[in-house]
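So the structure is just underneath, and the comments pick up after that.
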Amino acid sequence: MQRAAQRDDRAQRQTRGKRLSRVLVCAAAVPAVLITAACSSDSGDSKSKGADSSAQQSAGSSAKPSASASPTVQAAAYQKLPAACAVLSKKTLADLVPNAATSGKKGTSDDPSSRASCSWSSLDNNGVKGSQFRWLNVSLLRFDSDTARGAGDAQAHTYFGQQVKDAEAVNGAKNTKEIPLSGTGAEATAVRYDLKKKEGLFKQQTVVARVENVVITLDYNGAGLAGEKTPDADDLTKAAQQAVKEVVGSVSSANGGSSSGGSSSKAPASPSQSASKSASPSKSPSKSASSSASPSKSTARKN
106 MQRAAQRDDR
116 AQRQTRGKRL
126 SRVLVCAAAV
136 PAVLITAACS
146 SDSGDSKSKG
156 ADSSAQQSAG
166 SSAKPSASAS
176 PTVQAAAYQK
186 LPAACAVLSK
196 KTLADLVPNA
206 ATSGKKGTSD
216 DPSSRASCSW
226 SSLDNNGVKG
236 SQFRWLNVSL
246 LRFDSDTARG
256 AGDAQAHTYF
266 GQQVKDAEAV
276 NGAKNTKEIP
286 LSGTGAEATA
296 VRYDLKKKEG
306 LFKQQTVVAR
316 VENVVITLDY
326 NGAGLAGEKT
336 PDADDLTKAA
346 QQAVKEVVGS
356 VSSANGGSSS
366 GGSSSKAPAS
376 PSQSASKSAS
386 PSKSPSKSAS
396 SSASPSKSTA
406 RKN
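Residue numbers (the working numbering): 106 to 408.
Given below as structure tokens:
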């Protein structure tokens with residue numbers, strides 16, 4: 106009996122020993138698991154923080170408004186005008202206004218940088234047979250490029266159209282005819298009509314041409330007075346067109362280009378809205394300048 110009791114006691118001690126060993130093993134394993142979990146957690150947080158930081162920097166960069174580029178406009182091709190009274194040769198003046206003075210009458214509102222004009226008149230007296238009257242006026246208007254108004258050539262294109270319309274709308278004009286011209290600057294149009302006055306019937310030719318950012322308006326009229334024969338409108342139109350080509354060449358030459366009167370550029374396909382709102386050069390032309398730049402109306406007053 107005693108031996109049996111001893112055996113039971115040993116068996117119970119062995120069982121308790123095994124259980125204690127298991128507990129110790131488990132206890133030792135727990136810290137390792139916690140350490141591993143802690144390391145894994147730290148590593149994940151570090152990566153997450155790095156990703157968050159990068160995302161914030163990226164978001165911050167994208168949130169900043171990009172610096173918008175300053176608006177630009179192409180510089181005007183021509184920077185100056187020739188003297189209006191010197192744009193035609195002596196031979197041309199002799200053909201168009203035979204008895205005109207050597208020098209024409211300079212416009213009172215001339216500004217060398219943006220506008221200029223000159224006029225000539227001629228009366229060829231044939232005694233009892235009457236006389237032939239001729240009047241010639243050349244006006245130049247230059248447009249600067251401007252970020253608000255647009256490119257100079259676009260502004261000039263708009264003004265070109267306005268000048269043609271003005272020539273067609275002269276009060277009292279009869280038999281008005283518009284003739285598109287080629288080979289004269291970038292674009293050109295002749296408007297001719299008859300104008301009856303107390304002195305006689307005047308044949309009026311207004312030729313408007315654009316070369317780059319400069320608009321040329323040439324007004325030429327003729328009449329047979331006191332029984333003299335009325336001049337032929339076709340002859341006057343042809344002479345006016347040749348004169349405009351010469352003026353185009355003078356404008357180009359004054360800016361260091363060729364003196365040719367041919368086409369220098371195409372008409373702008375779509376002038377900017379701001380250009381259509383303002384047909385003024387670098388300085389807004391005053392009413393007096395607009396009057397001098399609209400020869401079709403001034404012609405009626407002059408004659």
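Think of the CB as a built atom: it goes at the ideal place given N, C-alpha and C, for glycine as much as any other residue.
- Y264 sits in a helix when the DSSP states are folded into three classes.
- Where G329 is concerned, there is no enclosing alpha helix (DSSP H), although the beta strand (DSSP E) around it starts and stops at V319 to L330.
- With a minimum length of 4 residues, the unbroken runs of alpha helix (DSSP H) contained wholly in the stretch 215–302 fall at 257–273.
- 7 Å or more divides the Cβ of S357 from the Cβ of P187.
- N242 is classed as buried because its beta carbon has at least 16 other beta carbons within 10 Å across all chains shown.
- Per DSSP, reduced to three states, the secondary structure at Q310 is strand.
- Burial check for N326: the Cβ neighbour count within 10 Å reaches 16 or more, so the residue is buried.
- Around the beta carbon of N318, 16 or more other beta carbons sit within 10 angstroms, so the residue counts as buried.
- By the Cβ neighbour-count rule, A253 is exposed, with fewer than 16 other Cβ atoms within 10 Å of its own.
- The Cβ-Cβ distance between R247 and S219 falls below 7 Å.
- T197 and S250 have their C-alpha atoms roughly 33 Å apart.
- As computed with DSSP, V352 is found in no beta bridge at all.
- DSSP places K210 in the strand class (E or B) of the three-state scheme.
- Beta-bridge partners of G305 (DSSP): K302.
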